[in-house]
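Under the working numbering, the letters of the sequence shown match residues 26 to 318, in that order.
Cβ atoms here follow ideal geometry from the backbone N, Cα and C, with glycine treated the same way.
Below is one structure, written out as structure tokens; the observations come after it.
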Amino acid sequence: MDLLTAISKSSVFISDGAMGTNLQSNGLEPGGCPELLNLLHPAIVTNIAKSFFEAGSQMVLSNTFGANRFMLKKYGHENKISEFNSLAIKNATIVKPNNGFVVGSIGPTGEILQSNGGLIEDAAVFDVFTEQVIELNKAGADGIVIETMISVEEACLAIKATKASTSLPVFTTMMFDKGPRGWFTMMGDTPSNAISKLENAGADVVGANCGNGIKAMVELAQLVRDSTNKYTLIHSNAGIPTIHKNKLIYPESPQYMSAGFRKMKNIGINILGGCCGTTPEHINAISKELKIS
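Take a look at the structure:
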């Protein structure tokens, strides 16, 4: 069964929790390159994927959020794009259950497009996304999640690069913040405007992730659901972190978040999971709340 078919047959589909913060809990140093662990410490990456699958995740995202040429160049690893993306899919796939899926994660390039008033040509960013998605597809990804995007224009380039180079389903989630005038991306798009652009670019699944705790994400989820007839995805943070003894502490417990995920299921969100600060314990609680496991 392919990924979109599996989603269509589920009353709600359970995604995973945070890769980045779980890597930090397992030794990733502040400012370190997360994707390097695919090569140097593959067991850490594999164990995180395994723990999410065992907690009830039906799909797990690969450790490739920053595995594009622009981001890897900041660490001096721009020559390891193929290796990092390939290993990341392999490290998760070896613990994938028969009914599970491994989805390639693509994050922002960290550059500002000319179409957003920056210096980087849109065509160059398209090429960078194409390079990454080809490697994820070649390695056996079941789909692509373009996530934590603040620029709809950049997200659309990643969608188009994926559609041009593969036949994989494309999930795209933007990061929105609520201000006095409502919800917007950093570049000024409302949820309805952003989702319309993502759909026109070819996204199969649309939604939001990161930046907010569960209460705010329930409110945002309603706006997402009202803006589209496509499958929808929400990945919520475990609250807004505070610093305690030089460590980031995410305040929302698995039990606290579970009630919010129930509300989002009732709203009609198709795919639910966690972002920063969420652990396998969070996913297990969500899975039990939604009667998946």
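Cβ neighbours of residue i in the same chain (closer than 7 Å, five flanking residues each side left out)
| i | result |
| --- | --- |
| K288 | V243 |
| E136 | F95, G143, I145, V150 |
| F209 | F201, D202, T215 |
| L138 | I145, D147, V150, S176, E178, E179 |
Beta-carbon contacts of residue i that lie in its chain and below 6 Å, excluding the five residues immediately before and after
| i | result |
| --- | --- |
| P194 | L28, L29, G168, D229 |
| S318 | Summary for S318: the model assigns pLDDT 49, below 50, so the residue's position carries little reliability; its value from the coordinates is reported in the next sentence. Excluding residues within five positions, the ones whose Cβ falls inside 6 Å are G81, S312. |
| K185 | A226 |
Status (buried if at least 16 other CB within 10 Å, exposed otherwise) for residue i
| i | result |
| --- | --- |
| D214 | buried |
| I205 | According to the sequence as given, residue 205 is Pro; it is not Ile. It counts as exposed. |
| S36 | exposed |
| Q280 | exposed |
| G264 | buried |
| L161 | buried |
| M26 | exposed |
| A284 | exposed |
| N291 | exposed |
| I32 | buried |
| P122 | exposed |
| H260 | buried |
| E103 | exposed |
| P59 | buried |
| S50 | exposed |
| I336 | Only positions 26 to 318 of the chain appear in this structure, which leaves residue 336 out of reach. |
Among the options, nearest to residue i - alpha-carbon criterion
| i | options | result |
| --- | --- | --- |
| F126 | K185, G142, L138, G81 | G81 |
| K105 | L61, H66, A43 | L61 |
| S312 | I32, P55, D41 | D41 |
| S221 | I268, T198, N234, M26 | T198 |
| P55 | K272, C301, G285 | K272 |
| L64 | G45, L315, N116 | N116 |
Own chain, CB closer than 8 Å to residue i, minus 5 neighbours either side, in chain order
| i | result |
| --- | --- |
| T257 | V230, V231, G232, A246, V249, R250, G293, I294, N295, I296 |
| M212 | N141, I175, S176, V177, E178 |
| A189 | T155 |
| S217 | L248, D251, S252 |
Is the number of C-beta pairs between the segment 66 to 76 and the segment 133 to 149 that are closer than 8 Å three or more? no
Report the start-end ranges of each alpha helix (DSSP H) in the segment 146 to 172 that is 4 residues or longer and not cut off at the edges. Look at the segment 146 to 172 and you find these whole runs of alpha helix (DSSP H), each 4 residues long or longer: 147 to 164.
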